[in-house]
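Reviewing the structure listed below.
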Amino acid sequence: MELTDDPKYKTNKLRVQHRKQLLHTLSQRFLEEQTADWLRRFEGSGVPVGPINSIQEVFSDPQVKHNGLIQKMNHPTAGSIVVPGPAVRFSSFPPAEPAPPPLIGQHTVQVLRHTLSYSDDIIQSLLESEAVAQNEVS
């Protein structure tokens with residue numbers, strides 16, 4: 427029986443009630459064909475669809491390469507790294523210079539001081555007691 431013919435899925439309310447079973451059925455069905463086949467089937471159907479790519483697939487995707495979405499940057503401990511850049515760009519806003527992800531504790535003092543409004547004395551006490559750590563980037 428097709429899902430469209432199954433009375434359990436006729437309305438959104440019923441689909442929500444039978445969500446667990448529906449997700450299981452769909453997951454099993456989607457495993458039967460390749461992603462590219464499903465994308466072709468859904469093209470022009472009015473159903474929003476797109477692949478969920480692995481990191482390796484993102485970096486090797488021809489469209490990602492063509493649009494220049496892979497950015498190189500220098501990381502303070504890992505050296506030169508590549509990361510996916512922003513997928514959406516606006517002509518009136520120049521893209522920001524890519525920055526590496528922060529090290530653990532890199533912004534501790536900044537957060538304590540500016541976000542939590544801690545005094546310098548309290549911050550120093552927290553650092554000395556090792557309740558928090560500040561990772562300095564060299």
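Residue numbers (the working numbering): 427 to 564. All C-beta atoms in this analysis are idealised placements derived from N, C-alpha and C, irrespective of residue type, glycine included.
At which residues does the alpha helix (DSSP H) containing residue 488 begin and terminate? Locating residue 488 in the sequence shown gives position 62, counting from the first residue. Residues 488-492.
Residue 438, enclosing alpha helix (DSSP H) - first and last residue: In the sequence shown, residue 438 corresponds to position 12, counting from 1. Segment 438-443, the alpha helix (DSSP H) holding residue 438.
Three-pair Cβ contact test at 8 Å for the region 494-501 versus the region 519-531: yes
Let me know if residue 535 comes out buried or exposed under the rule of 16 or more other beta-carbons within 10 Å of its beta-carbon. Sequence index remark: in the sequence shown, residue 535 carries index 109 (1-based). Looking at its Cβ environment, which holds 16 or more other Cβ atoms inside 10 Å, residue 535 is buried.
Considering only residues of the region 507-551, which uninterrupted alpha helix (DSSP H) runs meet the minimum length of 4 residues and lie entirely inside it, listed in chain order? none
Cβ-based neighbour list, residue 558, same chain, cut-off 6 Å, excluding 5 preceding and 5 following: On the sequence shown, residue 558 is found 132 positions in, with the first residue counted as 1. For residue 558, where only same-chain residues beyond five positions count, the Cβ hits under 6 Å are 534, 552.
Give the straight-line distance between the Cα atoms of residue 540 and residue 528, rounded to the nearest whole angstrom. One-based indexing of the sequence shown puts residue 540 at position 114. One-based indexing of the sequence shown puts residue 528 at position 102. Between residue 540 and residue 528, the C-alpha separation is close to 17 Å.
Does residue 460 come out as helix, strand or coil in the three-state DSSP assignment? Taking the sequence shown and counting its residues from 1, one reaches residue 460 at position 34. In this structure, residue 460 counts as coil in the three-state DSSP scheme.
For residue 461, which residues from the same chain have a beta carbon less than 7 Å from its beta carbon, with the 5 sequence-adjacent residues on both sides left out? Locating residue 461 in the sequence shown gives position 35, counting from the first residue. Excluding residues within five positions, the ones whose Cβ falls inside 7 Å are 477.
Out of curiosity, what's the CA-to-CA distance linking residue 547 and residue 532? Numbered from its first residue, the sequence shown carries residue 547 at position 121. Numbered from its first residue, the sequence shown carries residue 532 at position 106. Each residue's Cα considered, the two are about 19 Å apart.
Residue 560 - DSSP class collapsed to helix/strand/coil: Here residue 560 is taken as the residue at index 134 of the sequence shown, counted from 1. Coil, per DSSP.
Rank 538, 491, 439 by C-alpha distance to the C-alpha of residue 509 and give the top, closest one. Taking the sequence shown and counting its residues from 1, the one referred to as residue 509 is at position 83. Ranking 538, 491, 439 by Cα distance to residue 509 puts 491 first.
Ordered along the chain, which non-local residues of its own chain (more than five positions away) have a Cβ less than 8 Å from that of residue 464? Walking along the sequence shown from the start, residue 464 turns up at place 38. Same-chain partners within the cutoff: 456, 475.
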